[in-house]
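Trainee:
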Amino acid sequence: MIELFCESRNRKIFRPKESTNKKCNSCGTEAIVVTSENRVKFVPAHVFINIICTDCGTKEEDFMPKEEVFECINCGCTTYTKDLNRPKISRFSEQFPYYDRGMGVWLKNKHHRKTEMKKRNLIEAPGDFSVSDMQDQKAIKQAKEDKSIVEKLEKDMKESPAFAEYRQRKNDIKFKHKPGVKNG
């Protein structure tokens, strides 16, 4: 695969090695071939990393420039180790701007979202889930509730005194469950 970079759209493009097409599909401009010599130019200047202070063990997620000197918010130490990043949540609409109902604010981009979350002392829930997963959970919960209702009704029909007449008449040959339906 050949790695290309479209400057006007600020995104990477991948093509098969034998491809001669170096144009961006979105905007049609000529993309730059990324090589080992110019790769640094296309690496983001800021990164999200999970940091663990080597002195006190405080964990912190930070959006920081690659050259920034780290200083622990707890003890002031400048030495740290990088922790594994948490898995990201797959959001069904990663189109900005959008209104986040949970925070009650319009979000402009991913960095703005992280900043607003940090202001409110919020962190993303770990794991991957989407709206379809939440809908599946809702359907599973509804199915369990429906099943318990049916099981209770079946038990009542077999044991409850309220259904004694039904049980007695059910064995009668002339008894009809529904109008127009014959037994047998």
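In terms of our numbering, the numbers along the sequence shown are unbroken and rise by one, the last being 170.
A virtual CB, placed ideally from N, CA and C, is assigned to each residue, including glycine.
Quick one: residues in its chain with C-beta nearer than 6 Å to the C-beta of K96, no 5 flanking neighbours on either side, listed in chain order?
Mentor: Within the same chain, K96 has no close Cβ partners at all.
Trainee: Who are the Cβ neighbours of D142 in its own chain at under 8 Å, not counting the five residues just before and after it?
Mentor: Same-chain partners within the cutoff: A148 and F149.
Trainee: Pull up the DSSP beta-bridge partners for T44, would you.
Mentor: BP columns for T44 are empty, so no partner.
Trainee: Can the beta-carbon of S(-6) be found less than 7 Å from the beta-carbon of T21?
Mentor: Going by C-beta atoms, S(-6) is not nearer than 7 Å to T21.
Trainee: So, for N60: in the same chain, excluding its five sequence neighbours on each side, which residues have a beta-carbon less than 8 Å away from its beta-carbon?
Mentor: Here the set comprises C39, C42 and T44.
Trainee: Let me confirm a value: L139 is counted as buried when at least 16 other C-beta atoms fall within 10 Å, else exposed. Which label applies?
Mentor: Exposed, by the Cβ-count rule.
Trainee: Determine the burial state of A174: buried for a count of at least 16 other Cβ atoms within 10 Å of its Cβ, exposed for fewer.
Mentor: Since the first and last residues shown for the chain are -13 and 170, residue 174 lies out of range.
Trainee: To the nearest angstrom, report how far apart E57 and R106 are at their CA atoms.
Mentor: Each residue's alpha carbon lies about 21 Å from the other.
Trainee: For I(-12) versus K3, is the C-beta distance shorter than 7 Å?
Mentor: A contact, by the Cβ cut-off of 7 Å.
Trainee: What does the Cβ neighbour count give for C13, buried or exposed, with the cut at 16 atoms within 10 Å?
Mentor: Exposed: under 16 other Cβ atoms inside 10 Å.
Trainee: Whole angstroms are fine: how far does the CA of I37 sit from the CA of E46?
Mentor: Taking the straight line from one Cα to the other gives about 5 Å.
Trainee: Less than 7 Å separating the beta-carbons of R99 and L93?
Mentor: Yes, these two residues count as a Cβ contact at 7 Å.
Trainee: Rounding to the nearest angstrom, what Cα-Cα distance links E187 and S134 in this structure?
Mentor: Here the chain comprises residues numbered -13 to 170, so residue 187 is not present and cannot be evaluated.
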